[in-house]
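As they're listed, the protein sequences go chains A and B. Quick note on our numbering: the first sequence kicks off at 12 and runs consecutively. Quick note on our numbering: the second sequence kicks off at 12 and runs consecutively. We put the CB at the ideal spot given by N, CA and C, even for glycine. Have a look at the structure below before the remarks.
Number of protein chains: 2
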Amino acid sequence: MIVADGRQAMYRKVAAELRQGISDGAYGSGGRLPAEAALAEAYGVSRGTIRQALALLRADGLVTSRRGTRRVVLGTARVQTFSETVSFTRWARSLGEEPGGRVVDVVRRPADPVEREKLRLAEGEEVCLVLRVRTLSAVPVMVERSVYPRHIGEIVAGLDPAAVSHTVPLEEHGVRFTDVHHTIDVTYADADDAALLGCRAGAALLRERRCSTDPTGSPVEWSEDRYLPGTVAFTVHNSSAATALSRRTTT
Amino acid sequence: MIVADGRQAMYRKVAAELRQGISDGAYGSGGRLPAEAALAEAYGVSRGTIRQALALLRADGLVTSRRGTRRVVLGTARVQTFSETVSFTRWARSLGEEPGGRVVDVVRRPADPVEREKLRLAEGEEVCLVLRVRTLSAVPVMVERSVYPRHIGEIVAGLDPAAVSHTVPLEEHGVRFTDVHHTIDVTYADADDAALLGCRAGAALLRERRCSTDPTGSPVEWSEDRYLPGTVAFTVHNSSAATALSRRTTT
DNA sequence: GCGGCCAGGTTGGCTGTACAACTTGACGCG
DNA sequence: CGCGTCAAGTTGTACAGCCAACCTGGCCGC
Chain A
12 MIVADGRQAM YRKVAAELRQ GISDGAYGSG GRLPAEAALA EAYGVSRGTI
62 RQALALLRAD GLVTSRRGTR RVVLGTARVQ TFSETVSFTR WARSLGEEPG
112 GRVVDVVRRP ADPVEREKLR LAEGEEVCLV LRVRTLSAVP VMVERSVYPR
162 HIGEIVAGLD PAAVSHTVPL EEHGVRFTDV HHTIDVTYAD ADDAALLGCR
212 AGAALLRERR CSTDPTGSPV EWSEDRYLPG TVAFTVHNSS AATALSRRTT
262 T
Chain B
12 MIVADGRQAM YRKVAAELRQ GISDGAYGSG GRLPAEAALA EAYGVSRGTI
62 RQALALLRAD GLVTSRRGTR RVVLGTARVQ TFSETVSFTR WARSLGEEPG
112 GRVVDVVRRP ADPVEREKLR LAEGEEVCLV LRVRTLSAVP VMVERSVYPR
162 HIGEIVAGLD PAAVSHTVPL EEHGVRFTDV HHTIDVTYAD ADDAALLGCR
212 AGAALLRERR CSTDPTGSPV EWSEDRYLPG TVAFTVHNSS AATALSRRTT
262 T
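Put into structure tokens, the structure is as follows:
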């Protein structure tokens, strides 16, 4: 039985407990979870709440769910939280790596048409561009080119150029990321990339383009990250219950 | 008001209607959806059903949702169905492209340790490896190396080598894909890739490794797809409500 | 004009109920 | 022994209701 502390929804706490149990191997890999009704009684909540918790595990690809039979454990892999997927710093720390970063350049100028569309800005509005190299254990692995609307760019520009994380101070200023749209493909290093990452110009890089929005739905960041091959991979789970991944032709 | 036909759940039909409305621009980009209660009345269903429908749109990144205020439309982009993300053929057709494929090689042999782990097979069990080149408008864009457990490999081996789709005939044999785990990174073309794709050996390729399971949770396919750069990109949406994407260090 | 307060609207969270659809294993029949 | 049938168990879908948390806009006082 879990006690409600009012700070986190009940179903999230139940989900966390179930996740823990799964990664501890309490149900075995390929094993079966107890029935919803049994879980509801065990945790002292209604079946609806249990179903909300299980929907989270389902979306993470930890369990199946199918009418007529109990849920099956798919894998015991630890799943990243949303904040770990959004923040390079938090992601690296959660893996026990030592993240670092250095701001190389900051520019303010009127938004070009693409930036205006991505950030939903009007003509003439200014953006703030930040070029940053990011490291794991002091080794450069990624070049990050972020574009912020003016009011957020002001905050970023005011940070220590050697600050490890930008996400954390932004959150302290009340900027919250809630939705992120990613596009992943391959691109080739330009002269800047080559110099910062220590590869040759023209070398292939894994590219992640990202558009983040705050709770109100307005875009707060548009970023292009270029990773040295062999340093990171992206993983996605999708199921017939909830589609998140898609494939696009490059335009 | 939508009529129940028994073939599809009510909340899925409501979701489809809302999706249509969004892509038609009925609410505008950045506009607001009607309140849940209003939608419930409009569609003649309960608020709970509306909430299930909206949860689907939320997971697709089409709308925000935040306590206290109506939902905001995030984008009007068409979202791929699960079957379009799983099947290269269906994906290509949904974009108006002409997909093709040719089986280059089929091999049966005992599973190696990695394959045994991915497909959850016992020692000594056989797998079926299929090497295939896939085309868009007759242009090779991807090399697919799939590993199937024996009973599924039999079906695949029996197909016409020039068959455009393998997924469709597999489904006709009762093989259903419900969960897929993807890992996306960069790799380099080997001699086979180079010959099939018409690039030089050592050229960078966008790699997608995929492990698919059926409704019972048992793995049915483990595949490695290598795309020519500039042909496709992967897109993912994730939100604080439901995390699907994650980043991994390459091991 | 400005700022704080408040009421109304809206979504989040949780409970309870009912039935449908489906799976599984046991049983019995041929 | 093989097969179909059946009952019990389990999840999916849908409904109704209640309250809390939160946002917005308008009103009022200063």
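Endpoints, the beta strand (DSSP E) within which Ser234(A) is located: Counted from its first residue, the first sequence places residue 234(A) at position 223. Note, Ser234(A): beta strand (DSSP E), Pro230 to Tyr238.
7 angstroms Cβ shell around Phe94(A) - same chain, five flanking residues per side excluded: Within the first sequence, numbered from 1, the residue matching residue 94(A) stands at position 83. Note that residue 94(A) is Ser in the sequence shown, not Phe. Hits under 7 angstroms: Arg101.
Beta carbon proximity, Ala53(A) to chain B, threshold 8 angstroms: Residue mapping note: residue 53(A) aligns to position 42 of the first sequence, counting from 1. No, Ala53(A) does not count as interfacial toward chain B.
Chain-order list of residues whose beta-carbon lies under 8 angstroms from that of Pro180(B) (same chain, five-residue window excluded): By 1-based counting over the second sequence, the position of residue 180(B) is 169. Only Ile166, Leu170 and Ala174 meet the Cβ criterion.
Residue environment, Glu219(B), which counts as buried when at least 16 other CB atoms sit within 10 Å: Walking along the second sequence from the start, residue 219(B) turns up at place 208. So Glu219(B) ends up on the buried side.
Residue-level contact to chain A via CB, Val25(B), 8 angstroms cutoff: For this step, residue 25(B) is matched to residue 14 along the second sequence. No, because no Cβ of chain A sits closer than 8 angstroms to the Cβ of Val25(B).
Backbone secondary structure at Glu182(A) - three-state DSSP: To locate residue 182(A), count along the first sequence from 1; it is residue 171. Glu182(A) falls in the helix class under three-state DSSP.
For Cys210(B), the residue or residues it bridges with in DSSP: Against the second sequence, residue 210(B) aligns to sequence position 199. According to DSSP, which records beta bridges pairwise, Cys210(B) is partnered with nothing at all.
Straight-line gap, Leu50(B) to Ser105(B) (C-alpha atoms, nearest Å): Here residue 50(B) refers to the residue found at position 39 of the second sequence. Here residue 105(B) refers to the residue found at position 94 of the second sequence. The alpha-carbon atoms of Leu50(B) and Ser105(B) are separated by roughly 30 angstroms.
7 angstroms Cβ shell around Ala15(A) - same chain, five flanking residues per side excluded: Within the first sequence, the letter at position 4 stands for residue 15(A). Reliability of the predicted coordinates at Ala15(A) is poor, the pLDDT of 47 falling under 50, and no value is obtained from them.
Short CB-CB distance (under 8 angstroms) between Met12(A) and chain B: Translated into the one-based positions of the first sequence, residue 12(A) becomes position 1. The predicted model places Met12(A) with a pLDDT of 47, which falls under 50 and marks its position as unreliable; any figure quoted below should be read in that light. No, because no Cβ of chain B sits closer than 8 angstroms to the Cβ of Met12(A).
Sequence-distant residues of its chain with Cβ nearer than 6 angstroms to Ser223(B) (five each side left out): The sequence position of residue 223(B) within the second sequence is 212, counting from 1. Excluding sequence neighbours, Ser223(B) sits near Phe188, Val191, Val231 and Glu232.
Cβ separation of Arg127(B) and Gly164(B), assumed to be a contact under 8 angstroms, to the nearest whole Å: As a working mapping, residue 127(B) is identified with position 116 in the second sequence. As a working mapping, residue 164(B) is identified with position 153 in the second sequence. Between Gly164(B) and Arg127(B) the Cβ distance is about 15 angstroms, and since that is not below 8 angstroms, they are no contact.
Val84(A) versus Gly55(A), Arg156(A), Ser34(A) and Glu52(A), residue with shortest Cα-Cα distance: As a working note, residue 84(A) is residue 73 in the first sequence. Val84(A) has its Cα closest to that of Ser34(A), out of Gly55(A), Arg156(A), Ser34(A) and Glu52(A).
Counted within 10 angstroms of its Cβ, other Cβ atoms place Thr227(A) as buried (16 or more) or exposed: In the first sequence, residue 227(A) corresponds to position 216, counting from 1. Burial call: exposed.
First through last residue of the beta strand (DSSP E) which encompasses Val141(B): Here residue 141(B) is taken as the residue at index 130 of the second sequence, counted from 1. From DSSP, the beta strand (DSSP E) with Val141(B) extends over Glu137 to Leu147.
Under 9 angstroms (Cβ pairs) to chain A, residues found in the segment 40–52 of chain B: Ser40 and Gly41
Rounded Cβ spacing between Arg161(A) and Glu136(A) (contact assumed at less than 8 angstroms): Position 150 of the first sequence holds residue 161(A). Position 125 of the first sequence holds residue 136(A). About 7 angstroms separates the two Cβ atoms, so the contact holds.
Partners in chain B for Ser250(A), counting only beta-carbon separations shorter than 8 angstroms: Taking the first sequence and counting its residues from 1, one reaches residue 250(A) at position 239. In chain order: Phe93, Thr189, Asp190 and Val191.
4-residue-minimum alpha helix (DSSP H) runs that sit fully inside the segment 35–88 of chain B, ordered along the chain: 47–54 and 58–70
Of the residues Arg145(B), Gln91(B), Thr80(B) and Thr87(B), the one placed nearest Gly112(B), counting alpha carbons only: The sequence position of residue 112(B) within the second sequence is 101, counting from 1. Of the listed residues, the one whose Cα sits closest to Gly112(B) is Arg145(B).
C-alpha gap between Leu239(B) and Leu216(B), whole angstroms: Sequence index remark: in the second sequence, residue 239(B) carries index 228 (1-based). Sequence index remark: in the second sequence, residue 216(B) carries index 205 (1-based). Approximately 5 angstroms, taken between the alpha carbons.
Chain B residues whose Cβ lies nearer than 9 angstroms to that of Ser257(A): Stepping through the first sequence from its first residue, residue 257(A) is reached at position 246. Within 9 angstroms Cβ-Cβ: Val90, Gln91, Glu95, Thr96, Trp102, Phe245, Thr246, Val247 and His248.
C-beta neighbour in chain B for Asp204(A), strict 8 angstroms: Numbered from its first residue, the first sequence carries residue 204(A) at position 193. Not closer than 8 angstroms to any Cβ of chain B, the Cβ of Asp204(A) fails to qualify, so no.
Any C-beta of chain B under 8 angstroms from that of Thr224(A): Indexing the first sequence from 1 puts residue 224(A) at position 213. Output row for Thr224(A): interface = yes.
Beta carbon of Ala202(B) nearer than 8 angstroms to that of Cys210(B): As a working note, residue 202(B) is residue 191 in the second sequence. As a working note, residue 210(B) is residue 199 in the second sequence. Going by C-beta atoms, Ala202(B) is not nearer than 8 angstroms to Cys210(B).
Contact with chain A by Gly107(B), beta-carbon distance below 8 angstroms: For the purposes of this step, residue 107(B) is taken as residue 96 along the second sequence, with counting starting at 1. With 8 angstroms as the cut-off, Gly107(B) does not count as an interface residue toward chain A.
Own chain residues within Cβ distance below 6 angstroms of Thr242(A), not counting five before or after: Within the first sequence, the letter at position 231 stands for residue 242(A). Counting only Cβ-Cβ distances below 6 angstroms, and skipping sequence neighbours, we find Val152.
Integer-rounded CB distance, given that Thr178(B) should sit under 8 angstroms from Val97(B): As a first step, residue 97(B) is located in the second sequence; it is residue number 86 there, counting from the start. As a first step, residue 178(B) is located in the second sequence; it is residue number 167 there, counting from the start. With a Cβ gap of about 6 angstroms, Val97(B) and Thr178(B) count as contacting.
For Ser148(A) and Thr87(A), believed in contact at Cβ under 8 angstroms, the rounded distance: In the first sequence, counting from the first residue as 1, residue 87(A) sits at position 76. In the first sequence, counting from the first residue as 1, residue 148(A) sits at position 137. 27 angstroms between Cβ atoms; not a contact.
Ala71(A) at chain B interface by Cβ criterion, 8 angstroms: Here residue 71(A) refers to the residue found at position 60 when the first sequence is read from its first residue. In the sequence on display, residue 71(A) carries Asp and not Ala. By this cut-off, Asp71(A) is an interface position.
Proximal residues to Ala66(A) (C-beta, below 6 angstroms), its chain only, five neighbours per side dropped: Translated into positions along the first sequence, residue 66(A) becomes position 55. Excluding positions up to five away in sequence, the list is empty.
8 angstroms contact criterion, which Ala70(B) and Ala255(A) should meet: CB distance rounded: Residue mapping note: residue 70(B) aligns to position 59 of the second sequence, counting from 1. Residue mapping note: residue 255(A) aligns to position 244 of the first sequence, counting from 1. That belief holds up - the Cβ atoms of Ala70(B) and Ala255(A) are roughly 7 angstroms apart, short of 8 angstroms.
Gly107(B), DSSP secondary structure in three states: Taking the first residue of the second sequence as position 1, residue 107(B) is located at position 96. In the structure shown, Gly107(B) sits in coil (DSSP, three-state: anything other than H, G, I, E or B).
Chain A residues whose Cβ lies nearer than 7 angstroms to that of Leu85(B): Counting from 1 along the second sequence, the entry for residue 85(B) is found at position 74. Under the 7 angstroms cutoff, chain A gives Asp190, Thr224 and Gly228.
Closer than 8 angstroms at the beta carbon, the chain A residues around Thr75(B): The sequence position of residue 75(B) within the second sequence is 64, counting from 1. Per Cβ cutoff of 8 angstroms: Thr189, Asp190, Thr224, Pro226, Thr227 and Gly228.
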